[in-house]
Amino acid sequence: MPFVMGGDGPAISGVTIPAVMISRADGDALKGLLSSPEGLKVRFGSDETITIGKSDINQTVFFKAAVNTPGLYPIRFINYEGGGAASVELFSIDSAGVKHLVNDPNDESALKAYSTVLAGTAPTISLSSSGGSVVITFTGTLQSSTDLRTFAPVQGATSPYTVPAGSPTRLFFRAAQ
Numbered sequence: 155m156p157f158v159m160g161g162d163g164p165a166i167s168g169v170t171i172p173a174v175m176i177s178r179a180d181g182d183a184l185k186g187l188l189s190s191p192e193g194l195k196v197r198f199g200s201d202e203t204i205t206i207g208k209s210d211i212n213q214t215v216f217f218k219a220a221v222n223t224p225g226l227y228p229i230r231f232i233n234y235e236g237g238g239a240a241s242v243e244l245f246s247i248d249s250a251g252v253k254h255l256v257n258d259p260n261d262e263s264a265l266k267a268y269s270t271v272l273a274g275t276a277p278t279i280s281l282s283s284s285g286g287s288v289v290i291t292f293t294g295t296l297q298s299s300t301d302l303r304t305f306a307p308v309q310g311a312t313s314p315y316t317v318p319a320g321s322p323t324r325l326f327f328r329a330a331q
């Protein structure tokens, strides 16, 4: 269950963070490790060969991750600084041991924590009248509805599309991508 930081009042929005519950005995041991010259190691399970992270106090902390398939993988990077000097860098390390800051615009090898999205061309629709008909000129897919809630593609519609005026059924049209 996450904790909400920032108080209980309705005017306080707070910040929700995930939390790990630690027993008092383990918490006391953890406090002792944090203040000891040995620093702190984070491991999952009893296998001591798998170290998730390590802190030697005022030094870089490395967290290893194996990615078997290229793709986008979300990660949450949170740093809580309670006062005093601190710095934070999020980086990857290549096979030669060189650090590459995430999002570094001057480093071709830097991981990008964003993706470029190209917007498509927005569909268009225009109406005109010709004789006793309405002419609909559109790009994209022409859709129609009788209630403005449920739209469906107009089967076989090509632009321009002609609709007889004065139809007993009220129709609404839109162009969709």
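Under my numbering, think of the first position of the sequence shown as 155, with each following residue one higher. We put the beta carbon where it would ideally sit given N, CA and C, even for glycine. Just so it is clear, the structure is predicted and the values come from calculations on it, not from any experiment.
For Lys253 and Asn260, I'd like the C-alpha separation in whole angstroms. Against the sequence shown, residue 253 aligns to sequence position 99. Against the sequence shown, residue 260 aligns to sequence position 106. Roughly 13 Å separates the two Cα atoms.
Decide if Leu281 is buried, meaning its Cβ has at least 16 other Cβ atoms within 10 Å, or exposed. Indexing the sequence shown from 1 puts residue 281 at position 127. Its Cβ having fewer than 16 others within 10 Å, Leu281 is exposed.
Backbone CA spacing between Pro322 and Thr295 [nearest angstrom]: Locating residue 322 in the sequence shown gives position 168, counting from the first residue. Locating residue 295 in the sequence shown gives position 141, counting from the first residue. Pro322 and Thr295: Cα-Cα distance of roughly 24 Å.
Of the choices Gln297, Leu265 and Ala319, whose alpha-carbon is the least far from that of Asp248? The residue you call residue 248 lines up with position 94 of the sequence shown. It is Leu265.
Nearest candidate by alpha-carbon position, reference Ser269, set Gly225, Arg324 and Ala329: As a first step, residue 269 is located in the sequence shown; it is residue number 115 there, counting from the start. Answer by Cα proximity: Gly225.
Sort out for me which residues DSSP pairs Pro318 with in a bridge. To locate residue 318, count along the sequence shown from 1; it is residue 164. Ser287.
If I measure Cβ to Cβ from Val289 and keep anything under 6 Å in the same chain, skipping five residues before and after, which residues do I get? As a position in the sequence shown, residue 289 is number 135, starting the count at 1. Answer for Val289: Ser282, Pro314 and Thr316, listed in chain order.
Cα-Cα separation between Val271 and Gln331, rounded to whole angstroms: Within the sequence shown, residue 271 is the residue found at index 117, counting from 1. Within the sequence shown, residue 331 is the residue found at index 177, counting from 1. C-alpha separation (whole angstroms): 16 Å.
Which one of Arg303, Gly320 and Phe327 has the shortest CA to CA distance from Gln309? Reading the sequence shown from its first residue, position 155 is the one you call residue 309. Among Arg303, Gly320 and Phe327, the Cα nearest to that of Gln309 belongs to Phe327.
Alpha carbon to alpha carbon, how far is Ala319 from Ser298? Position 165 of the sequence shown, counting from 1, holds the residue named residue 319. Position 144 of the sequence shown, counting from 1, holds the residue named residue 298. Looking at the two C-alpha atoms, the distance is approximately 15 Å.
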